[in-house]
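Undergrad: What the sequence shown shows, in the UniProt record's numbering, is residues 1 to 383, in sequence order. Heads up, the beta-carbon is just placed ideally off N, CA and C, and yes, glycines get one too. Being a predicted model, the structure only gives us computed values, none of them experimental. Provided herewith is a single structure, encoded as structure tokens, for subsequent inquiry.
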Amino acid sequence: MKKLLCIAYLGLTILGCKTEPKTDYVINGTAEGLYNGIRVYLNKMDERGRMISVDTAIIMKEKFVLNGSLDHPSLYFLTVNGINGRLPIILENSQIEININDKNLMESEILGLKSNEKLIDFRKRIETIKSGIKELSISYRQAKLKNDTLKSSELDNKINIESKKLANIGLEYIRENLDDYSAIEVFKNELRRTDVDIEMANELFNKMPAEIRNTSDGEIIKKRIDQLLEIKKLEKATAIGVKAPEFSAPTPNGELLALSDVVSKGKITIVDFWAAWCGPCRRENPNVVKVYEKFHDKGLEIIGVGLDGRRGQQNPKEAWLKAIEDDKLTWHQVSNLNYFDEIAKKYNVNAIPAMFVLDNEGKIIAKNLRGPALEKKIEELLN
1 MKKLLCIAYL
11 GLTILGCKTE
21 PKTDYVINGT
31 AEGLYNGIRV
41 YLNKMDERGR
51 MISVDTAIIM
61 KEKFVLNGSL
71 DHPSLYFLTV
81 NGINGRLPII
91 LENSQIEINI
101 NDKNLMESEI
111 LGLKSNEKLI
121 DFRKRIETIK
131 SGIKELSISY
141 RQAKLKNDTL
151 KSSELDNKIN
161 IESKKLANIG
171 LEYIRENLDD
181 YSAIEVFKNE
191 LRRTDVDIEM
201 ANELFNKMPA
211 EIRNTSDGEI
221 IKKRIDQLLE
231 IKKLEKATAI
241 GVKAPEFSAP
251 TPNGELLALS
261 DVVSKGKITI
271 VDFWAAWCGP
281 CRRENPNVVK
291 VYEKFHDKGL
301 EIIGVGLDGR
311 RGQQNPKEAW
321 LKAIEDDKLT
331 WHQVSNLNYF
341 DEIAKKYNVN
351 AIPAMFVLDN
361 EGKIIAKNLR
371 GPALEKKIEE
381 LLN
């Protein structure tokens with residue numbers, strides 16, 4: 001009897017521990033006018049921007065079905081063989097209806113996705129503002145041609161107001177929709193802008209619910225925000241008027257030379273990032289040689305920072321020394337022979353040639369001047 005009771009109890013335990021079925025998404029598609037056998041693809045973009053197909057359906061009798069399950073909402077793209085473009089969808093676990101527009105996929109109707117509807121409305125607002133700016137710009141040019149100063153000034157003010165509205169609309173949308181997944185997609189676009197207010201973006205991201213922040217898309221955004229915050233920090237460290245970051249590195253003879261040692265010798269110092277493998281650097285070197293020969297006796301010093309040592313470069317030190325000799329670079333040279341090393345990172349140098357002009361206190365007074373512009377600036381500073 002006891003044995004039977006135990007078996008019965010075990011059976012109840014198993015039934016009681018049964019997991020709830022996972023909620024799925026089901027896309028019921030209507031494709032009027034499209035033939036049987038045409039394929040419909042559900043695609044996801046990876047971190048490198050590549051489109052990966054995750055599911056496929058075949059149109060039969062102008063209908064198709066796609067289904068699956070998601071851990072969290074995410075942006076997908078629907079494509080249809082024979083129709084140009086791709087339809088963005090913030091997909092979530094729900095019943096979804098899509099009516100395919102066989103002339104313009106972007107104008108297809110999507111029902112059952114709240115976040116997606118919000119994002120579509122947001123994009124329409126952007127297009128409305130852009131269209132308004134375009135019309136104002138046309139009117140502005142016409143007013144300028146007619147020498148109508150009052151009208152052109154009025155239109156210029158309106159363009160500035162609308163442009164500012166366009167610049168702020170993304171972060172404003174995020175602020176108003178912190179608990180909606182569509183804000184994640186707006187974040188992705190905002191972080192591609194060069195003028196994004198990254199401190200504000202970081203503040204808003206941290207206010208989003210943890211269940212959104214901790215998704216795979218949220219983690220990607222957090223990583224990008226951290227990168228941009230670091231870049232901004234480095235930009236501040238090498239801004240005009242700021243004392244240049246100190247560094248030291250080996251000379252061709254193997255002796256350590258510090259930036260401060262060079263700055264103390266001259267009135268003006270150029271920090272020149274270059275490399276033997278860098279074609280634009282080598283083409284610019286004759287201009288730098290000309291400037292050095294013309295102004296060295298008047299107080300100009302240069303310290304070249306070689307970024308040789310990139311992957312696949314044969315004998316980086318030999319290449320560096322040969323380039324110094326071939327290009328007749330007679331000023332101070334240092335290199336860690338470690339490609340874009342810690343010195344490059346300190347100066348936020350991601351591409352070369354890169355150049356910083358310092359005063360006699362080591363403060364940055366100009367950046368990335370080339371050819372005649374460099375010569376003119378050094379002449380102004382030393383005269």
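What number of angstroms, rounded off, separates the C-alpha of Lys243 from the C-alpha of Glu361?
TA: Position 243 of the sequence shown, counted from the first residue, corresponds to residue 243. Position 361 of the sequence shown, counted from the first residue, corresponds to residue 361. Cα-Cα distance, rounded: 8 Å.
Undergrad: Can you give the Cα-Cα distance for Ile378 and Glu318, rounded to whole angstroms?
TA: On the sequence shown, position 378 is the one that residue 378 refers to. On the sequence shown, position 318 is the one that residue 318 refers to. Linking Ile378 to Glu318 through their CA atoms gives a straight-line distance of about 31 Å.
Undergrad: Can you tell me whether Pro280 is buried or exposed? The criterion is at least 16 other CB atoms within 10 Å of its CB, across all chains shown.
TA: Stepping through the sequence shown from its first residue, residue 280 is reached at position 280. Under this definition Pro280 is an exposed residue.
Undergrad: Go ahead and label Asn116 buried or exposed: buried means 16 or more other beta carbons lie within 10 angstroms of its beta carbon, across all protein chains shown.
TA: Your numbering for residue 116 matches position 116 in the sequence shown. With at least 16 other beta carbons inside 10 angstroms of its own, Asn116 counts as buried.
Undergrad: Compute the Euclidean distance between the alpha carbons of Pro21 and Ser69, then round it to the nearest angstrom.
TA: Walking along the sequence shown from the start, residue 21 turns up at place 21. Walking along the sequence shown from the start, residue 69 turns up at place 69. Reliability fails at Pro21, whose pLDDT of 45 lies under 50, so the model's placement of it is uncertain and no value is given.
Undergrad: Using only the alpha-carbon positions, how far apart do Arg370 and Asn287 sit?
TA: Mapped onto the sequence shown, residue 370 falls at position 370. Mapped onto the sequence shown, residue 287 falls at position 287. If I take the Cα positions, the gap works out to 8 Å.
Undergrad: Hey, out of Leu150, Lys165 and Ile270, whose CA is closest to Ile126's CA?
TA: What you label residue 126 is simply residue 126 of the sequence shown in a count that begins at 1. Considering only alpha carbons, the answer is Lys165.
Undergrad: Just the C-alpha distance for Val289 and Lys328, rounded to the nearest angstrom, thanks.
TA: The residue given as residue 289 occupies position 289 in the sequence shown. The residue given as residue 328 occupies position 328 in the sequence shown. One alpha carbon belongs to Val289, the other to Lys328, and they sit about 7 Å apart.
Undergrad: Mind checking who Lys243 pairs with in its DSSP beta bridge?
TA: Translated into positions along the sequence shown, residue 243 becomes position 243. In DSSP, Lys243 forms a bridge with Lys363.
Undergrad: What first and last residue would you give for the beta strand (DSSP E) that runs through Ile352?
TA: Your numbering for residue 352 matches position 352 in the sequence shown. Run containing Ile352: none; DSSP gives neither H nor E here.
Undergrad: When you compare only the Cα positions, how much space is there between Glu92 and His72?
TA: Stepping through the sequence shown from its first residue, residue 92 is reached at position 92. Stepping through the sequence shown from its first residue, residue 72 is reached at position 72. A straight line joining the alpha-carbon of Glu92 with that of His72 spans about 7 Å.
Undergrad: Please classify Gln333 as buried or exposed, where buried requires at least 16 neighbouring CB atoms within 10 angstroms.
TA: As a position in the sequence shown, residue 333 is number 333, starting the count at 1. Buried: at least 16 other Cβ atoms inside 10 Å.
Undergrad: Should the stretch 154-171 be regarded as contacting the stretch 195-203, the criterion being three or more beta carbon pairs within less than 8 Å?
TA: yes
Undergrad: For residue 394, list the residues DSSP reports as bridge partners.
TA: The displayed coordinates of the chain run from 1 to 383. Any statement about residue 394 would go beyond what the structure contains.
Undergrad: For the alpha helix (DSSP H) that contains Phe187, what are its first and last residues?
TA: Stepping through the sequence shown from its first residue, residue 187 is reached at position 187. Note, Phe187: alpha helix (DSSP H), Ser182 to Glu190.
Undergrad: In this structure, does DSSP put Asn214 in helix, strand or coil?
TA: Here residue 214 refers to the residue found at position 214 of the sequence shown. Coil at Asn214, not helix or strand.
Undergrad: Classify Ala201 as buried or exposed, calling it buried when 16 or more other Cβ atoms lie within 10 Å of its own Cβ.
TA: Within the sequence shown, the letter at position 201 stands for residue 201. Classification for Ala201: buried.
Undergrad: From the DSSP output, which residues share a beta bridge with Asp55?
TA: Numbered from 1 along the sequence shown, position 55 holds the residue referred to as residue 55. According to DSSP, Asp55 bridges with Leu42.
Undergrad: What are the boundary residues of the beta strand (DSSP E) that includes Gly29?
TA: Reading the sequence shown from its first residue, position 29 is the one you call residue 29. Its beta strand (DSSP E) spans residues Tyr25 to Thr30.
Undergrad: Is it true that the CB of Thr238 sits closer than 9 Å to the CB of Tyr140?
TA: Translated into the one-based positions of the sequence shown, residue 140 becomes position 140. Translated into the one-based positions of the sequence shown, residue 238 becomes position 238. No, Cβ-Cβ distance for Tyr140 and Thr238 is not below 9 Å.
Undergrad: Could you tell me the boundaries of the beta strand (DSSP E) in which Pro250 lies?
TA: For this step, residue 250 is matched to residue 250 along the sequence shown. Residues Ser248 to Pro250.
Undergrad: In terms of alpha-carbon separation, which member of Ile231, Leu155, Val291 and Val263 lies closest to Lys363?
TA: Stepping through the sequence shown from its first residue, residue 363 is reached at position 363. With distances taken between Cα atoms, Lys363 lies closest to Val263.
Undergrad: Touching or not, the stretch 146-165 and the stretch 185-194, by the rule of three or more beta carbon pairs under 8 Å?
TA: no
Undergrad: Is Thr269 buried or exposed, if buried means 16 or more other CB atoms sit within 10 Å of its CB?
TA: On the sequence shown, position 269 is the one that residue 269 refers to. Counting every other CB atom within 10 Å of its CB across the protein chains shown gives Thr269 a total of 16 or more, marking it as buried.
Undergrad: Runs of 3 residues minimum, wholly inside the stretch 109-186: which ones carry the beta strand (DSSP E) assignment?
TA: 109-111
Undergrad: Please give the ranges of any alpha helix (DSSP H) in the stretch 280-349, keeping only runs that are unbroken, at least 4 residues long and fully inside the region.
TA: 316-326 and 342-346
Undergrad: Leaving out the 5 sequence neighbours to the left and right, which residues in its chain are closer than 7 Å to Ile14 when beta-carbon positions are compared?
TA: Here residue 14 is taken as the residue at index 14 of the sequence shown, counted from 1. Because Ile14 carries a pLDDT of 36, less than 50, the predicted location of this residue cannot be relied on, and no value is offered for it.
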